[in-house]
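Just below is one structure, and these are the notes that go with it.
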Amino acid sequence: MAVYAGDTPTPTGIKVIIVGLGIAGLSAAIECHRKGHEVVVYEKLPRLKGVEGDGITIGANGAIVTAKWGDGAFHDMVRPLEYKTNRAKVFDYTGYAYGEFELHGYNEGRGYTANRGALVSVMYEYSQTLGIKVFLDSTVTDYWESESEAGVVVNGERVAADCVICAEGIHSPGRKIITGQEMELQETGFSATRGYLDANIVAQDSKLSWIIDDIETEDCIYGWLGPRVHFGITTKKKDNELFWYCCHQRRLIVVGDAAHAALPSSGQGGTQAIEDAAVLAIALELAGKQDVPLALAVSEKLRYSTTFLDPSWRQRSSIENPYRYQRARIVQQGGLAVLQFVMNHVDFEGLRKDPTMVKPPHPAWILDHDCQEYAVREFPAAAEAVRTGGDYVPHNIPSDGQYRMEYNSK
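Every letter in the sequence shown is one number past the one before it in full-length UniProt numbering, and letter 199, counting from 1, is 199.
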C-alpha cells in the first residue's frame, strides 16, 4: 500500500480513538496520523455507501488543510469528483435575472464541491493509503475515562487510548456523555430538503430541461429567491449530474456536527469539521502524550472559546454575558443570518435596482483563515489560559463576536 511523502511523521506515542467515519472523523484521523499519533477509527455502518446524498462544499479555509495531505495527492483524488462551480446565477421567483456572481472562497482552485458520499469515500480511500486502522460494523455502546486514559466499549469489548474523539454527527451519543445534556433544538421557522439527481432524468421534463442546457460547457449554481422560499441547483458537466436543496470531561471531545451542526446556508459544515480536526491534531502534538487533557482543553479554547470583552462583566453577574466568542458558533449564526436574509427579503423591486444585494457573502475572517498556522501560534496563550483559569481572547473571529454579511475574502 502506497504511503505518500510527508505523511510518515515521527510517532508521538499518543493513541487516539475516533468514533465516526464522516468528514469530521476522517479529517481527525488523517490529521492525527500526520502529526504522528496512533489512530484507530470505529464506524457502526458495515460499509460506505459511495455516491449518496447531496453535495457538500469545502471552503478555502478547509481546503488549505486538505491540500497538504500527501503533498497534494488527496486533491488529485478529489479533482475528478469536483463540481467546478466558479459562479452563481441568481433569479427571483418570476424568472427575473439578477446576474452572475463569483463564488469567492469556494471557487475552483480555492475550495471544492463534491457529492457528500463520494467525498467521504475518497477520504476513506486516502486514509487507507496511510495505513490508518478503520473498523467498520463496529458499534460503540459506551464511553469512559480515567485520570490516565479514555476509551470506548465497542462490540462488547473495552478499548483504551489516550483520548477519544467523538465524531458521530448531530445525534452524537458522546456529546451527551461529555456534557450531561440533551441537545436543544432551535426552531428557525424553515425547513430544508436536499437531493441528488442524474441530469438525464431532468432532461426528460420539458419544464426543467433548460436547467441543463449549458451542462456540457460549464458547471454552475442556479438560485431562485421568492417570498420566504429559496431554491438552488448545482450542475456538473463531467458526470451529467446535479444536486439541489430547498430550504467538560478531560479525555473526551466532540468535533464536527456532533459539536456544532451548521445550516446548509452557512456553506461551512464540512469545512468547520476539518478545522476542528486540524487544530486538535496540532494541540495533541504540541502538548505531548504527557498532557493529553491540556491538548483537548486548548482545542476547545481555540475553536469554541468563551471569553469577555468587557472585564466589568464579572462584577455584573446577573447580566447575561454579551461577549461570548466561538468561531464555530459564529459560523453557525452566519448560516442563520444568510437564511433569514434570503427568506425574508421581499423587496424584489429593490433587488432589481441593486442586484449586488444577492451576491453570496464571503467573509475574510472565515475563508482566508489558516487554522493550522493559528493553532501553532496561539497554542501557548490558550494553554496558559487553561492552566491559570484565565480568559483566552481569540483572534480568528470578528472583534465584537458578531456575524455580518461581508464580501471581503480573497
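Using N, Cα and C, we set each Cβ at its ideal position, and we do this for glycine too. Everything numeric in this text was worked out from a predicted model, so none of it was measured.
- prompt: Going by the CB atoms, is the gap between Gly-25 and Ala-114 shorter than 8 Å?
  reply: no
query: Count the other CB atoms within 10 Å of the CB of Lys-400; is the residue buried (16 or more) or exposed (fewer)?
result: Just to set this straight, residue 400 is Asp in the shown sequence, not Lys. So Asp-400 counts as exposed.
query: Since Asn-86 is in the alpha helix (DSSP H), which residue starts that stretch and which ends it?
result: Where Asn-86 is concerned, there is no enclosing alpha helix (DSSP H), given that its DSSP letter is neither H nor E.
- request: Keeping to the same chain, check which residues put their C-beta closer than 7 Å to that of Gln-249; ignore five residues upstream and five downstream.
  value: Because the pLDDT at Gln-249 is just 45, under 50, the model does not fix this residue reliably, and the point stays unresolved.
field: Span of the alpha helix (DSSP H) around Leu-31
entry: Reading the sequence as shown, one finds Glu at residue 31 and not Leu. From DSSP, the alpha helix (DSSP H) with Glu-31 extends over 23-34.
field: Test item: CB-CB of Arg-87 and Glu-102 under 8 Å
entry: yes
message: Measuring alpha carbon to alpha carbon, tell me which residue in Glu-184, Glu-182, Thr-235 and Thr-193 is nearest Ala-203.
response: Thr-235
- prompt: Starting from Glu-102 and walking both ways along the beta strand (DSSP E), at which residues does that stretch end?
  reply: 97-102
- request: Note down, in chain order, each residue of its chain lying with its Cβ closer than 6 Å to the Cβ of Ser-318, except the 5 sequence neighbours on either side.
  value: Note that Ser-318 has pLDDT 35, beneath the 50 cutoff, so the model's placement of it is unreliable and no number is given.
- prompt: How long is the line joining the alpha carbons of Ser-312 and Arg-404, rounded to whole angstroms?
  reply: Bear in mind that a pLDDT of 42 at Ser-312, under 50, signals an unreliable position, so the number given afterwards is only what the model happens to contain. Near 26 Å, if we compare the C-alpha coordinates of Arg-404 and Ser-312.
- request: List the endpoints of the continuous beta strand (DSSP E) containing Asn-115.
  value: 112-115
message: Along the chain, where does the alpha helix (DSSP H) containing Tyr-196 start, and where does it finish?
response: Looking at the DSSP string, Tyr-196 is not in any alpha helix (DSSP H); the run it does join, the beta strand (DSSP E), is 193-198.
- request: Mind the definition here: the region 59-66 touches the region 195-213 only if three or more C-beta pairs lie below 8 Å; say whether that holds.
  value: no
message: Once the 5 residues before and after Phe-135 are set aside, which same chain residues still bring their CB inside 6 Å of it?
response: Tyr-42
message: Using a 10 Å radius around the Cβ and a threshold of 16 neighbouring Cβ atoms, would you call Asp-310 buried or exposed?
response: Because the pLDDT of Asp-310 is 42, which lies under 50, any placement of that residue in the model is unreliable, and the number read from its coordinates should be weighed accordingly. Exposed, by the Cβ-count rule.
Whole-angstrom distance between Asp-71 and Thr-10, CA atom to CA atom: 17 Å
- request: Mind the definition here: the region 12-19 touches the region 83-100 only if three or more C-beta pairs lie below 8 Å; say whether that holds.
  value: no
message: One question on the structure: do Leu-294 and Ala-383 come within less than 8 Å of each other, judged by their Cβ atoms?
response: yes
task: Go through its chain and collect everything with a Cβ distance to Ser-137's Cβ below 6 Å, but skip five positions before and after it.
output: Note on residue identity: the sequence assigns Asp, not Ser, to residue 137. Cβ within range, chain order: Pro-46.
- request: Could you pull the start and end residues of the alpha helix (DSSP H) that His-395 belongs to?
  value: That residue, His-395, is in no alpha helix (DSSP H); it is neither H nor E in DSSP.
message: Applying the 10 Å Cβ sphere with the 16-neighbour rule, what's the burial state of Gln-128?
response: exposed
message: Among Glu-182, Val-154 and Glu-349, whose alpha-carbon lies nearest the alpha-carbon of Lys-44?
response: Val-154
query: Roughly how many whole angstroms lie between the Cα atoms of Tyr-407 and Ala-278?
result: 26 Å
message: Can you tell me whether Val-255 is helix, strand or coil according to DSSP?
response: coil
task: Give me the Cα-Cα distance between Thr-271 and Ser-121, rounded to the nearest whole angstrom.
output: 17 Å
query: Taking just the CA atoms, how far does Lys-84 sit from Ile-23?
result: 20 Å
query: Count the other CB atoms within 10 Å of the CB of Trp-210; is the residue buried (16 or more) or exposed (fewer)?
result: exposed
- request: In angstroms with no decimal places, state the Cα-to-Cα distance between Glu-218 and Ile-212.
  value: 10 Å
- request: Determine the closest residue to Val-254 out of Met-123, Glu-52, Ala-381 and Gly-180, with distance taken between C-alpha atoms.
  value: Gly-180
task: Could you spell out where the beta strand (DSSP E) holding Trp-210 opens and where it closes?
output: Counting along the chain, Trp-210 falls outside any beta strand (DSSP E), and DSSP gives it neither H nor E.
DSSP bridge partner residues for Glu-38 (one or two, in chain order): Lys-15
Option in Ser-206, Lys-207, Leu-252 and Thr-356 with minimal Cα separation from Lys-176: Leu-252
- prompt: Is the beta carbon of Ile-165 sitting closer than 8 Å to the one on Ala-28?
  reply: yes
- request: Identify the continuous beta strand (DSSP E) that holds Val-152 and give its terminal residues.
  value: 150-154
Pick from Arg-377, Glu-300 and Val-39 that is closest to Ala-161, judged by C-alpha positions: Val-39
field: Residues sharing a beta bridge with His-362, DSSP
entry: Tyr-407
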